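Asker: Just remember that the working numbering sits 82 ahead of the position in the first sequence, which is counted from 1. Submitted below is the structure of interest, expressed as structure tokens.
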Amino acid sequence: MTNQAGANVTDAAKLTQKKCHKVTFAVPMEIPSQYAPRQVEQRWYQTWLKHKAFASTPDHRPAYTIVIPPPNVTGVLHMGHMLNNTIQDVLVRRARMRGFNACWVPGTDHASIATEAKVVQKLRAEGVKKSDLSRDAFLEHAWEWTHKHGGIILEQLKELGASCDWDRTAFTMDEVRSDSVYQVFADLHAKGHIYRGLRMVHWDPEAKTSLSDEEVIHKDINATLYYVKYEVVENPGTYLTVATSRPETIMGDVAVAINPKDVRYNALHGMHVRVPIGGREVPIILDDYVTTDFGTGCLKVTPAHDWNDYAIGQKHGLEVLDVLNEDGTLSAHGLKYAGMERFAARTKVAEDLKASGHLAKTEEYASTVGTSERTGAVVEPRLSLQWWVRMPELAKPALDAVMSDEIQLIPEKFKNTYRHWMENVKDWCISRQLWWGHRIPAYFYGPGEHDYVVALSAEEALEKARAASGRADLTAADLQQDPDCLDTWFSSWLWPLSVFDGIRNPENPEIQYYYPTQDLVTAPEILFFWVARMAMAGYEYAGKRPFERVYLTGIVRDKLGRKMSKSLGNSPDPIQLMDTYGADGVRMGMLLTSPAGNDLPFDELLCEQGRNFTNKVWNALRLLKGWKVSDDAPADEAAEWAVTWFRALLDAELSELQRDFDRYALSEALMRLYKLTWNSFCAWYLELVKPAYGQPISVGVYRATVDFFDTLMAALHPFMPFLTEEVWHLLSERAETDFLDFATYPTSGGTAYDPTTFAIMEEHVVALRTFRAEKNIAFKSPLTADAATKPAAWPAIAKLTNTQWGDAEGGLPLRAGTFELRVQVAAEDIDVEAEIAKAQKEIEYYSGFKRSVEAKLSNEKFVAGAPAAVVDAERKKLADAESKIEIAQKLISQLAG
RNA sequence: GGGCGCAUAGCUCAGCUGGUUCAGAGCAUCUGCCUUACAAGCAGAGGGUCCGCGGUUCGAAUCCGUGUGCGCCCA
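Following this line, the structure appears as structure tokens:
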């Protein structure tokens with residue numbers, strides 16, 4: 083059927099293209115030779131949605147629940163989401179197929195600081211300042227922004243194939259979730275877990291808000307250390323030198339501290355120094371905290387601008403002089419620098435100190451600086467009145483749960499980190515000076531720090547305020563609600579409970595059925611932000627763990643090992659990737675290389691590998707669909723052999739697959755299926771059962787083949803939902819709604835598999851193929867071979883190598899593993915010298931090997947000390963080596979003779 | 001500075017409690033192929049002081065010590 087025109091076209095193409103596509107002709111049916119994923123994917127996802135394939139309601143089956151780590155509502159899908167959600171989908175789909183009532187709850191997070199920052203930025207671009215707007219007006223803009231950009235990411239997740247129950251989509255600021263937040267705030271406050279306190283906090287001068295410890299990212303920097311001279315008041319003309327990295331805070335100095343044991347400064351005890359700018363006199367104080375070997379051993383004490391200085395200040399009863407405004411410019415205490423931006427002020431102060439002769443020297447040193455996770459601004463320590471959650475008591479059960487594996491971390495190595503953090507947990511600053519978020523439900527009725535009530539509504543607040551103040555004449559106008567918002571994590575920590583309305587209605591059937599959830603899939607970066615706190619909330623509000631296991635993914639990095647980020651521009655666009663490789667291809671690309679907890683060095687090549695695999699599967703389908711099935715097809719021993727072999731192999735691999743999943747080794751599970759499908763099924767099995775050209779295939783073999791293919795598709799479905807669904811429906815007549823998700827996940831029957839039969843067959847085939855290649859004998863011309871004993875798998879060997887069993891007297895000895903064949907070959911096809919040289923090399927190698935084994939076996943201690951099985955194995959090695967040497971020697975004598 | 005972890009083929013990684021799963025996989029590379037499912041393919045091949053050093057043992061990639069390099073968390 084070779085089409086002459088077609089052949090000409092390819093030849094021509096070959097001249098211009100490095101890799102040319104074959105021109106297809108006479109395709110048995112209308113299935114294209116290349117799989118086109120995008121149409122298939124869209125079609126199936128719509129069908130799934132139409133039939134609510136992923137919807138879940140409580141029933142008699144056991145529940146399997148995952149709550150999505152809610153992405154930022156206005157965000158777009160990035161590679162981290164791709165990884166994270168692919169993993170969740172694999173777990174959920176597999177659970178569904180295993181008979182669980184699988185429920186994957188989607189949703190989004192209002193992302194207080196990030197969203198507010200974006201809205202502020204957008205308004206600024208339009209010439210509107212946040213400070214010019216009322217709270218309500220600003221919130222209107224924020225909601226508008228949220229509605230405009232909100233939910234895009236969820237649509238993108240659908241492209242990925244995420245099998246979420248979309249009817250359950252939740253938002254951290256919708257009614258149920260908001261009510262839950264307020265209720266929890268009120269409850270924790272009533273229990274005394276929430277309090278107000280004046281403390282040092284991390285301050286983001288760009289967002290003008292406080293941050294929690296976890297929202298601060300420490301970065302290594304090269305800092306400059308300034309050596310500044312302070313004149314000793316009691317001894318004019320003499321100076322004490324202080325090393326500081328922050329000269330702009332000098333105006334806030336209230337003391338200079340030295341270590342009492344530092345003998346260099348004994349003479350200065352009890353004296354004072356003059357601050358070089360402003361000229362205030364401050365005492366020299368003694369404190370053990372000061373290290374004698376850093377800088378000069380003298381520390382300027384600026385309680386308003388350093389955590390340690392604040393502690394020293396407290397201890398010594400020193401004043402707090404705040405030289406900075408909330409936006410990071412210098413305040414009135416900054417004297418003539420007032421109004422300057424902090425870093426500009428640093429440079430200017432240093433210049434002025436130098437000019438006045440107070441700057442002794444500067445030196446570079448490696449230091450770290452805290453930056454805001456969301457805005458990137460260098461954070462300032464700032465003394466302010468904030469709301470706090472007392473942690474130790476809440477943390478205790480959450481710590482114990484992980485230590486006892488009631489909540490299992492995967493991989494386990496994160497347990498140590500978790501414990502370390504939980505044992506040193508500090509109180510959680512939950513107030514943010516932002517408008518976008520849950521407004522703190524505290525209402526002030528008087529000027530006092532404690533003149534407030536916590537209430538769930540303005541009416542309730544008024545009632546409580548009247549009672550608290552004893553003033554029945556209070557009106558709503560007398561109440562001032564706290565202007566601050568709650569930390570975003572104060573709503574996300576309730577997520578596994580709140581998505582089932584478990585805070586407001588703890589007895590409702592949904593929370594009873596779905597909670598605790600089974601798996602949580604998230605990044606280790608938010609282990610403390612989120613995971614630990616969900617555990618705390620879970621025990622506090624449900625008395626139970628929120629999840630059984632936490633699967634921690636790694637960070638997606640580029641080839642250079644850099645974290646993928648928008649600012650670096652090194653992150654591929656996931657949608658574009660899916661357009662190029664198909665969602666299944668990309669899913670596979672993400673999973674091929676990501677063991678739990680390991681970073682994922684992303685390479686598009688992996689997606690290509692995934693895409694190629696989908697195409698491979700697709701073409702296996704084409705092959706099957708092209709076969710004619712017949713009741714009276716000629717008997718095919720090779721095919722029969724293959725069916726028996728593959729059935730056993732498949733069963734054994736399914737058992738290993740189960741073990742991979744049990745260990746949450748998803749990449750290994752996928753790789754196992756990849757090899758099983760491509761190598762075992764396509765490369766060996768299908769070649770063995772493939773009927774001769776134009777011949778039909780027997781019904782029995784065909785049915786077995788379809789059955790195997792079905793099983794592989796089912797096993798692969800969690801990883802590649804679209805392709806497998808498509809193939810599953812094309813393999814056999816099936817109703818549209820007969821989704822693979824509702825099929826049973828294949829399991830092993832537990833039969834033992836002995837790999838030696840196949841291995842012997844493979845060794846013979848490889849030997850004969852190599853033989854052909856070396857002698858340049860075309861596949862079409864049959865070989866004739868024999869051996870001392872005919873291998874059991876001979877029909878298979880014969881079919882794959884086009885070799886006949888027959889008298890090969892005088893043929894060339896051919897070693898296949900530890901077996902020996904004789905292959906008839908024309909004398910002119912033999913390169914005698916080369917054959918002898920090859921054989922001699924082999925003798926040399928195996929003689930050396932034999933000596934080493936003999937040495938081992940003659941070692942009495944080894945024979946006495948090692949278990950019998952090991953000794954036997956060594957003896958077998960020896961025998962094998964001897965037989966190989968023998969074959970080679972025989973070959974030489976034959977050729978030479 | 002305190003804590004945790006890692007180092008195996010060019011790359012990404014498997015190798016459980018020491019011994020035939022012991023030096024492996026996938027990708028990449030090389031060679032030959034448009035063979036009637038698939039060139040997004042087929043067949044074959046090469047490639048490693050298991051980071052260095054020392055120890056325990058009949059036997060170490062695997063256990064112990066130490067050095068080096070890298071990563072993460074906390075201060």
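Virtual Cβ for every residue (Gly too), placed ideally from N, Cα, C. From a predicted model like this one, the values you see are computed outputs, not experimental measurements.
Count the other C-beta atoms from every protein chain shown that fall within 10 angstroms of the C-beta of residue 781, then say buried if there are 16 or more, exposed otherwise.
Answerer: Exposed, by the Cβ-count rule.
Asker: Give the range of the beta strand (DSSP E) segment to which residue 442 is assigned.
Answerer: Segment 441-454, the beta strand (DSSP E) holding residue 442.
Asker: Starting from the Cα of residue 534, find the closest Cα among 542, 524, 540 and 541 and give me that residue.
Answerer: Minimum Cα distance to residue 534 is reached at 524.
Asker: Is the number of C-beta pairs between the stretch 117-129 and the stretch 195-202 that are closer than 8 angstroms three or more?
Answerer: Result no; under three Cβ-Cβ pairs closer than 8 angstroms.
Asker: Is it true that the stretch 508-518 meets the stretch 277-295, where meeting means three or more beta-carbon pairs spaced less than 8 angstroms apart?
Answerer: With the cut-off at 8 angstroms, the stretch 508-518 and the stretch 277-295 touch.
Asker: Report the rounded CA-to-CA distance for residue 731 versus residue 255, giving the unit in angstroms.
Answerer: C-alpha separation (whole angstroms): 52 angstroms.
Asker: Does DSSP put residue 691 in a helix, a strand or coil?
Answerer: Helix at residue 691.
Asker: Taking residue 620 as the reference, which of 635, 647, 642 and 588 has the closest Cα?
Answerer: Ranking the options by Cα distance to residue 620, first place goes to 588.
Asker: So, does the stretch 717-736 touch the stretch 835-853, judging by three or more C-beta pairs under 8 angstroms?
Answerer: Yes: at least three Cβ pairs fall under 8 angstroms.
Asker: Rounded C-beta distance between residue 201 and residue 227? I'm assuming under 8 angstroms.
Answerer: Residue 201 to residue 227, Cβ: 5 angstroms. Contact.
Asker: What is the DSSP secondary structure of residue 753, counted as helix, strand or coil?
Answerer: Helix, per DSSP.
Asker: Rounding to the nearest angstrom, what Cα-Cα distance links residue 502 and residue 325 in this structure?
Answerer: Roughly 33 angstroms separates the two Cα atoms.
Asker: With a threshold of 8 angstroms, are at least 3 pairs of Cβ atoms found where one atom belongs to the stretch 903-922 and the other to the stretch 861-868?
Answerer: Yes, the stretch 903-922 touches the stretch 861-868.
Asker: Whole-angstrom Cβ separation of residue 364 and residue 404, contact assumed at under 8 angstroms?
Answerer: That belief does not hold up - the Cβ atoms of residue 364 and residue 404 are roughly 16 angstroms apart, past 8 angstroms.
Asker: Judging by CA-CA distance, which residue of 804, 316, 921 and 944 is the nearest neighbour of residue 349?
Answerer: With distances taken between Cα atoms, residue 349 lies closest to 316.
Asker: Suppose only complete runs of 3+ residues qualify. What are the beta strand (DSSP E) ranges in the stretch 877-910, listed by chain order?
Answerer: Runs of the beta strand (DSSP E) inside the stretch 877-910: 885-887, 894-898 and 901-905.
Asker: Quick one: Cα of residue 455 to Cα of residue 617, how far?
Answerer: For residue 455 and residue 617, the distance between alpha carbons rounds to 23 angstroms.
Asker: Within the same chain, show all residues whose beta-carbon is closer than 6 angstroms to that of residue 280, passing over the 5 residues directly before and after it, in chain order.
Answerer: These residues qualify, in order along the chain: 467.
Asker: Closest by CA to residue 706, which one among 678, 771, 739 and 667?
Answerer: Ranking 678, 771, 739 and 667 by Cα distance to residue 706 puts 771 first.
Asker: Let me check understanding here. Comparing Cα to Cα, which of 936, 899 and 574 lies closest to residue 153?
Answerer: Among 936, 899 and 574, the Cα nearest to that of residue 153 is on 574.
Asker: Measure the alpha-carbon distance for residue 644 versus residue 244 and round it to whole angstroms.
Answerer: About 27 angstroms.
Asker: Just confirm the distance between the C-beta atoms of residue 419 and residue 430, as a whole number of angstroms; I'd bet it's less than 8 angstroms.
Answerer: Contact holds; Cβ gap of about 6 angstroms.
Asker: Between which two residues does the beta strand (DSSP E) containing residue 146 stretch?
Answerer: 145-149 is the extent of the beta strand (DSSP E) around residue 146.
Asker: From which residue to which residue does the alpha helix (DSSP H) around residue 375 run?
Answerer: First-last for residue 375: undefined, no H or E at that position.
Asker: For residue 401, which residues of its own chain have a beta-carbon under 8 angstroms away from its beta-carbon, when the five flanking residues on both sides are left out?
Answerer: So the qualifying residues of the chain are 336, 385 and 395.
Asker: If I'm right that residue 29 touches residue 929 with Cβ under 8 angstroms, what's the distance once you round it to whole angstroms?
Answerer: The structure shown does not extend to residue 29, since the chain spans only 83 to 979, so no value can be given for it.
Asker: Under three-state DSSP, which class holds residue 498?
Answerer: Correct three-state label for residue 498: helix.
Asker: Below 8 angstroms, how does it come out for the stretch 809-825 and the stretch 784-799: are there three or more Cβ pairs, yes or no?
Answerer: At 8 angstroms Cβ cutoff, the stretches touch.
Asker: Pull up the DSSP beta-bridge partners for residue 368, would you.
Answerer: Answer is 340.
Asker: For the beta strand (DSSP E) that residue 278 lies in, which residues bound it at each end?
Answerer: Per DSSP, residue 278 belongs to the beta strand (DSSP E) from 276-286.
Asker: So what does DSSP say about residue 264, is it helix, strand or coil?
Answerer: Here residue 264 sits in helix by DSSP.
Asker: DSSP three-state label for residue 608, please.
Answerer: Here residue 608 sits in helix by DSSP.
Asker: DSSP beta-bridge partners for residue 302?
Answerer: Residue 302 is bridged to 450.
Asker: Secondary structure at residue 629, three-state DSSP: helix, strand or coil?
Answerer: It is a strand residue.
Asker: Report the three-state DSSP secondary structure of residue 839 (helix, strand or coil).
Answerer: Helix.
Asker: From this set, 147, 831, 893 and 722, which residue's C-alpha is nearest residue 976's C-alpha?
Answerer: The candidate whose alpha carbon is nearest that of residue 976 is 893.
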